[in-house]
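Here the sequence shown stands for residues 70 to 231, numbered as in the numbering used here. Ideal Cβ positions, reconstructed from N, Cα and C, are used throughout, including at glycine.
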Amino acid sequence: MHIRPVHADDFDAIAALTNVYILQTTIHFGAEPVSGAELGAEWEKSRERHPFVVAHIDGQLAGFAKTTTFRTRAAYARTAEVGVYVHPDFHRRGVARGLYGALLEVCRDGRFEVLVAGIALPNAASVALHEAFGFFPVGVFHRIGFKFGSYHDVGFWELRLA
């Protein structure tokens, strides 16, 4: 497995993977497919501030992990939201752990004080991953997301970097 910072030419594959999660799961609350151009444009706006890493196995995108803006007000500038997505063909192969290890290493450079992960529940694998990296639960919003005809809870986990 090769993990590196994202490149502009990764976004078509990232969009394809994101669309699996959008169209087939309640892990991602998006409703419409996204394009590589759309995701690449979002990345361009925040690339200096927000780390984004990808993993490849045998030349194929195995997954990605990224930070995004938690809230837009200035008081939240030292907080970021994190997320990780792994291609279904590469589940249970250490991809998410490798990606988070790389992402968190970059995040510990002083730019962030706190990382926040929102997890659509239930998702035991994601909870276990986050807790293995030191995230701890801070609360649950009940029935906050509606997708595929039903409501879903979202739990939030926090990691203090400083």
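- Counted as a single uninterrupted DSSP element, the beta strand (DSSP E) harbouring Thr138 occupies residues 129-138.
- For Phe159, same chain residues with a beta-carbon under 7 Å away, outside a window of 5 residues either side, are Ile126, Ala131, Gly132 in chain order.
- For Pro157, the three-state secondary structure derived from DSSP is helix.
- At a Cβ-Cβ threshold of 8 Å, Ala134 and Leu184 do not count as neighbours.
- Nearest neighbour of Ala189 by Cα position, chosen from Tyr90, Thr95, Tyr145, turns out to be Thr95.
- Taking one beta carbon from each stretch, the segment 115-126 and the segment 73-90 have 3 or more pairs nearer than 8 Å; the two touch.
- Straight-line spacing of the CA atoms in Tyr169 and His199 works out to 9 Å.
- DSSP places Glu182 in the coil class of the three-state scheme, outside both helix and strand.
- Within the DSSP secondary-structure output, Phe121 pairs in a beta bridge with Lys135.
- Taking a 10 Å sphere around the C-beta of Ala201, we find fewer than 16 other C-beta atoms and assign the residue as exposed.
- When the five nearest sequence neighbours on each side are left out, the beta carbons in the same chain lying within less than 7 Å of the beta carbon of Tyr154 are those of Leu86, Thr87, Tyr90, Gly132, Phe133, in order along the chain.
- Using a Cβ distance threshold of 8 Å, Gly105 and Ala84 count as a contacting pair.
- With 16 or more other Cβ atoms inside 10 Å of its own Cβ, His221 counts as buried.
- DSSP places Thr87 within a helical segment (H, G or I) once states are collapsed to three.
- Secondary structure at Ala100: coil, using DSSP grouped into helix, strand and coil.
- Contact between Gly208 and Phe225 holds: CB atoms are separated by about 5 Å, below the 8 Å threshold.
- Excluding its 5 nearest sequence neighbours in each direction, Pro206 has C-beta neighbours in its own chain below 7 Å: Gly224, Trp226, listed in chain order.
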